[in-house]
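Report on the following structure.
There are 2 protein chains.
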Amino acid sequence: MNVNIGALRYDGDKESGPLSVTMPRRTKAEAEATREALLDAAEEVFFDKGVARASLEQIARHAGMTRGAIYWHFKDKADLFHALLNRVRLPFEELLDEVRETSGIDSPLETLRLACHNSLVRIERPRDRRTHAILLHRCEFFSDINPLEMQNRLVRECQKSMYKQLRHAHDLGLLAPGLAPETATRLLQSMLSGLVHDWLRDPASFPLRDEGGALIDTLFGLISWNA
Amino acid sequence: MNVNIGALRYDGDKESGPLSVTMPRRTKAEAEATREALLDAAEEVFFDKGVARASLEQIARHAGMTRGAIYWHFKDKADLFHALLNRVRLPFEELLDEVRETSGIDSPLETLRLACHNSLVRIERPRDRRTHAILLHRCEFFSDINPLEMQNRLVRECQKSMYKQLRHAHDLGLLAPGLAPETATRLLQSMLSGLVHDWLRDPASFPLRDEGGALIDTLFGLISWNA
DNA sequence: ATATTTACATTCATTTATGTATGGATGTAG
DNA sequence: CTACATCCATACATAAATGAATGTAAATAT
Numbered sequence: 001m002n003v004n005i006g007a008l009r010y011d012g013d014k015e016s017g018p019l020s021v022t023m024p025r026r027t028k029a030e031a032e033a034t035r036e037a038l039l040d041a042a043e044e045v046f047f048d049k050g051v052a053r054a055s056l057e058q059i060a061r062h063a064g065m066t067r068g069a070i071y072w073h074f075k076d077k078a079d080l081f082h083a084l085l086n087r088v089r090l091p092f093e094e095l096l097d098e099v100r101e102t103s104g105i106d107s108p109l110e111t112l113r114l115a116c117h118n119s120l121v122r123i124e125r126p127r128d129r130r131t132h133a134i135l136l137h138r139c140e141f142f143s144d145i146n147p148l149e150m151q152n153r154l155v156r157e158c159q160k161s162m163y164k165q166l167r168h169a170h171d172l173g174l175l176a177p178g179l180a181p182e183t184a185t186r187l188l189q190s191m192l193s194g195l196v197h198d199w200l201r202d203p204a205s206f207p208l209r210d211e212g213g214a215l216i217d218t219l220f221g222l223i224s225w226n227a
Numbered sequence: 001m002n003v004n005i006g007a008l009r010y011d012g013d014k015e016s017g018p019l020s021v022t023m024p025r026r027t028k029a030e031a032e033a034t035r036e037a038l039l040d041a042a043e044e045v046f047f048d049k050g051v052a053r054a055s056l057e058q059i060a061r062h063a064g065m066t067r068g069a070i071y072w073h074f075k076d077k078a079d080l081f082h083a084l085l086n087r088v089r090l091p092f093e094e095l096l097d098e099v100r101e102t103s104g105i106d107s108p109l110e111t112l113r114l115a116c117h118n119s120l121v122r123i124e125r126p127r128d129r130r131t132h133a134i135l136l137h138r139c140e141f142f143s144d145i146n147p148l149e150m151q152n153r154l155v156r157e158c159q160k161s162m163y164k165q166l167r168h169a170h171d172l173g174l175l176a177p178g179l180a181p182e183t184a185t186r187l188l189q190s191m192l193s194g195l196v197h198d199w200l201r202d203p204a205s206f207p208l209r210d211e212g213g214a215l216i217d218t219l220f221g222l223i224s225w226n227a
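Residue numbers (full-length UniProt numbering), protein chains in the order written: chain B, 1 to 227; chain Y, 1 to 227.
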């Protein structure tokens, strides 16, 4: 079996148009590679021009293909968009699990703090950064896609995980006196949400890990009980 | 002079299409009224369908006009969009001035806190709410419009005003010990930004004034110096 | 070895939005 | 009372994107 994942076959035509006049069918591995290439191209073009203004023709050309390839691998633009988001999906709960497993910490507040730090690290990775920027700042609704509902689902899911930790911390008396876990949750979630929004709008304006990390630590210092 | 602002002339045709086959020119006041009607229609259609998917035809029909009216009053879609934003523009500094004038408070921290409350009240007004929702969640770049740059300008301007207040508060020893005014600024701005984003995405999910107000008070309680 | 399916490229028909050009009736200035 | 400018409606030309249909050579199954 000809396993050749990750490299498209070329036939001398170095231009970024269709590979040749009668380019034939590829092996399964090559087909999977072109699917990924199409997703990469969609990521770039969506990011640069916005989802609405990005045509499937531009995306296909950017990947060295034609629209035929897109319509083979994806139903339409919306389907392509969904596939794009699925590549970077990561529930906040899994970030918490990761922290719980790697570090031997049992304090719910410390676990949460580290998970927040890790979420910033995640979102700095180019693919995650661009994809989140697309979802937050570069797409409106179209066909059956409602990015606002998607964002809502993500936020609520994240809030739920945060609340579980802060509720636990509150029960252990770790929170500042008079601070309800519900309030602490909104405080943390809104701050992180705003921070990420601001940074994604202009990543060059400030270093996310540094300033964001300091902000997280400051907030956790403020909401923690201290003698 | 026939002053008749706020009411379009009808000629028996109650349908929402063009008023009549050969509807003539209006008075200056009527023309200004249709301009406002077009902006109202744009606000609604942009909000419902997103800026990219909203056609000028739909907007015109929604106002009981045709595209001819739009192209008379505005250069193109981008110009219409700009005019829409100008209706609700309000710098944060003016909110601060308003507080300084109406209340006799001289504490920079209290002034800032009240201005934050007032900003929530402002954004709950239907026109402000819809327009901000359009800018934040319902438009991508198109032609010469870059909503991300617009958002950036607004945020930086707001940050600047907040920082002036917090810097002043810090110099007066009003901030919690060890809390830099730069950090406090980011904390407050990110939280407010995230809060507004979340609320605009789904205004029914929680009451902004109540929960947001409580959040503001909590945060100011945390960042203030207290014996 | 043949038949079939796969993985695209190419072509075509349709839709949709835009910008402009033109027309026409009335307000308004003189 | 005329003349012109204003405020729109209508008509037209153009462009761009979509989705479906079709073609096709190689991979794969039989």
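Positions of the beta carbon are idealized from the N, C-alpha and C atoms, including for glycine.
9 angstroms Cβ cut-off: residues of chain B touching Y:Leu-208
Ordered by position in chain B, no residue passes the 9 angstroms Cβ test against Y:Leu-208, which lies about 12 angstroms from the chain.
Taking C-beta to C-beta, are B:Leu-38 and B:Ile-59 nearer than 9 angstroms?
yes
Within chain B, partners of Y:Gln-151 - CB distance below 7 angstroms:
Arg-201
Whole alpha helix (DSSP H) elements within the region 60-99 of chain Y, 4-residue minimum:
67-73 and 77-86
Please report the distance separating the alpha-carbon of Y:Phe-206 from that of B:Arg-26.
53 angstroms
Proximal residues, the UniProt domain "HTH tetR-type" (32-92) of chain B versus chain Y, C-beta separation under 8 angstroms
Lys-49, Gly-50, Val-51, Ala-52 and Arg-53
Contact between the region 180-192 of chain B and the region 209-226 of chain B (3+ Cβ pairs under 8 angstroms)
yes
Between the CA atoms of B:Glu-110 and B:Leu-174 - distance to the nearest angstrom
Spanning the two alpha carbons is a distance of roughly 10 angstroms.
Just how far apart, CA to CA, sit B:Leu-120 and B:Ser-161?
16 angstroms
I'd like the list of long-range same chain contacts for B:Arg-113, defined as Cβ closer than 6 angstroms, with 5 residues on each side in sequence excluded.
Phe-220
Enumerate in chain order the residues of its own chain whose CB-to-CB distance from Y:Val-21 is below 6 angstroms, with the five nearest sequence positions on each side excluded.
Caution is warranted here: a pLDDT of 46 is assigned to Y:Val-21, below 50, making its placement in the model unreliable, and the coordinate value is therefore given only provisionally. Within the same chain, Y:Val-21 has no close Cβ partners at all.
Check each candidate in Y:Asp-76, Y:Val-45, Y:Phe-142 and Y:Leu-208 and name the one with the smallest Cα separation from B:Asp-48.
Y:Phe-142
Rounded to whole angstroms, what is the Cα-Cα separation between Y:His-168 and Y:Ser-107?
9 angstroms
Would you say Y:Leu-109 lies against chain B (beta-carbon separation less than 9 angstroms)?
no
Would you please verify whether the beta carbon of B:Glu-211 is less than 9 angstroms from any beta carbon of chain Y?
Chain Y has a Cβ within less than 9 angstroms of the Cβ of B:Glu-211.
Residue interval of the alpha helix (DSSP H) (run including B:Arg-127)
Unbroken alpha helix (DSSP H) run through B:Arg-127: 126-137.
At the 9 angstroms Cβ level, is B:Phe-142 part of the contact set with chain Y, yes or no?
yes
Establish whether the CB of B:Ala-214 and some CB of chain Y are separated by less than 9 angstroms.
At least one beta carbon of chain Y lies nearer than 9 angstroms to the beta carbon of B:Ala-214.
Need the endpoints of the alpha helix (DSSP H) that B:Asn-226 sits in, please.
No alpha helix (DSSP H) holds B:Asn-226; DSSP gives it neither H nor E.
Is B:Ile-145 helix, strand or coil when you go by DSSP?
Correct three-state label for B:Ile-145: strand.
Can you check whether the C-beta of Y:His-197 is within less than 9 angstroms of a C-beta belonging to chain B?
Yes - at least one Cβ of chain B is within 9 angstroms of the one on Y:His-197.
Buried/exposed call for B:Pro-126, threshold 16 Cβ in 10 Å
With fewer than 16 other Cβ atoms within 10 Å, it is exposed.
Within chain Y, the residues that B:Thr-218 reaches when beta carbons sit closer than 8 angstroms
Leu-179, Thr-183 and Leu-187
So with CB distances below 8 angstroms, who are the chain Y contacts of B:Val-121?
In chain order: nothing, as chain Y lies at least about 18 angstroms away.
State the start and end residues of the unbroken alpha helix (DSSP H) segment that holds B:Asp-210.
No alpha helix (DSSP H) contains B:Asp-210, which DSSP labels as neither H nor E.
Does the beta carbon of Y:Ile-223 come closer than 9 angstroms to any beta carbon on chain B?
Yes, its Cβ sits closer than 9 angstroms to a Cβ of chain B.
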